Amino acid sequence: MAAESNSKRRRIVAEEDRISSLPDCVLSHILSFLPTKTSVATSILSNRWRHIWKHVSVLDFSDDFRDESLFEKARRNNKLFEHFQNFSVFVNRVFSLRMPYPIEKMSLSCVKSLYNIESCTSSIDTWVCSVIGPHLKEFSLEIDPIQKYQFEPPITLFTCTNLVSLSLIGETGMLSSIYIDPRFAEEIRLPSLNYLKLHMNNVDIHTMNGFLVGCPILETLDTRLFGFNYKKLRVPSTLKRLKISSCSCLEMDLYSLGFDDLNTFSDVGNLQNVVKASLDVFRCSDGCYLANILVNFFDDLSGIKHLSLSISTIKLLLGDPVHLRFPEFRHLLHLELILPWFNQNSLLSLLHACPMLQVLIIQNDKKESTSPEWTAQSTVPNCILSHLTYIQFKGCEGFPDELLFAEYILQNGLVLNKMSIADISVDILKYYILRRLSNVPRASRLCQLTFD
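Mapping of the sequence shown onto this note's numbering: residues 8 to 459, in sequence order.
This is the structure in structure tokens:
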């Protein structure tokens, strides 16, 4: 009886295993989203799965330790090279057993092994060269700098006609583990590339511009470079998302754009196509001087639609507690601000500069109010009357100017759909704010007031 029950249970499980009944091409596509080590492990599931992983056109290798304590133990006992050897055996085994299908995507991360020895260098070079070809669409390489090791990608990597995404990460502080020969600059031809990520500290302006010229349809550029003169950077007109970080001083996420000295980037143009930016300026030697540069820099972002400003950036733009220096953004739809202090007058002045704004997210960082007195407003900002549909207020402390501002938005927001008050730590404060704002007459019948 028990044997019959077990047989019946196995038959039900087999009938419910619909995944295994899928075609090989579908199963291999599913496995392509997994790390290669996990993909290979599916070969033990059944005879049906034994060879599926060999058809996958995506390779994702990482020598990372899952357990950080094991990594520290291996490092202390000088076992990292042994770990790389085991990792190398696995990667070579995969290359030797997989079907001879072209590789479309390759990700290789070597950040937890010792690889400054000649055999390690040779292994990485062999793996990279094995995937380069006309079918390669995405390539990512990450090597953690150690001692004097530097990997030089072959020029063939920079002439892949169908490569869409290229990521080379090899810097920590002043060390760099990936080196691009400047002589390659004029040979770079990546006609299909739209995403480029270069994190290294030894790329000169000639090489960087070689990439920008050789990538005619580039849309996203993410770089972390040091000792770099950004004034000479040839920003292509196709660029939509840019991240440049140098000493992590300014990050503009256009997703992003960062540089060591704001002045070094003040002359860069061709940013009219930027649609999204996140600005974080947190080291300023001359606040007034840098603020002027920053305001002028905003003029190059005339088409921006999504803008986030950190607390340090707002401090730089605040000429005084009641005046926020902010240019006009005629196309801005989404604005996020982290405020060093709350002042309703400066906020309304800012909203006057954003006539098309639809979403406003405010976070009050300081537990203080600088100017509780409300200044009479001659006109209501155009965005409040015609475009602002959502506002979120984080960190509200119930100060008079905070509540007056919220009431003003509720009373004048003709198209407002939702006002969200978030991150209130004290329940009695939440009750007080809810009771006060709930009694405010709303210009929009659709407006909902919520507490998150």
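All residues carry an ideal CB built from backbone N, CA and C; glycine is no exception. Because the structure is a prediction, the values reported are computed rather than measured.
field: Sequence-distant residues of its chain with Cβ nearer than 7 angstroms to residue 391 (five each side left out)
entry: 358, 416, 419 and 420
message: In this structure, how does DSSP classify residue 459 when only helix, strand and coil are distinguished?
response: coil
task: Can you say whether residue 448 is buried or exposed, counting buried as having 16 or more other CB atoms within 10 angstroms of its CB?
output: exposed
field: Alpha carbon of residue 268 to alpha carbon of residue 212, nearest angstrom
entry: With a pLDDT of 35 at residue 268, under the threshold of 50, the predicted position of this residue should be treated as unreliable, though the coordinate-derived value follows. Computed Cα separation, rounded: 16 angstroms.
message: Using a 10 Å radius around the Cβ and a threshold of 16 neighbouring Cβ atoms, would you call residue 95 buried or exposed?
response: It counts as buried.
query: Under 7 angstroms, do residue 400 and residue 351 count as touching if we go by C-beta distance?
result: no
query: Which residue or residues does DSSP assign as beta-bridge partners of residue 172?
result: 145 and 202
- prompt: DSSP three-state call for residue 425: helix, strand or coil?
  reply: strand
task: Output the distance between the C-alpha atoms of residue 178 and residue 67, rounded to the nearest integer angstrom.
output: 21 angstroms
message: Can you tell me whether residue 305 is helix, strand or coil according to DSSP?
response: helix
query: Can you list the beta strand (DSSP E) stretches of 3 or more residues lying completely in the segment 52 to 116, in chain order?
result: 65 to 69
- prompt: Closest by CA to residue 320, which one among 206, 101, 308 and 345?
  reply: 345
Beta-carbon contacts of residue 453 that lie in its chain and below 7 angstroms, excluding the five residues immediately before and after: 424
- request: Apply the 10 Å Cβ neighbour rule to residue 364 and answer buried if 16 or more other Cβ atoms are within range, or exposed otherwise.
  value: Classification for residue 364: buried.
message: Taking the straight line between their C-alpha atoms, what separation do you get for residue 224 and residue 199?
response: Between residue 224 and residue 199, the C-alpha separation is close to 7 angstroms.
field: residue 227 - partner residues in DSSP beta bridges
entry: 202 and 248
- prompt: Cβ atoms of residue 243 and residue 205: under 7 angstroms apart, would you say?
  reply: no
task: Measure the alpha-carbon distance for residue 427 versus residue 444 and round it to whole angstroms.
output: 11 angstroms
- request: For residue 284, write down the residues that DSSP places opposite it in a beta bridge.
  value: 314
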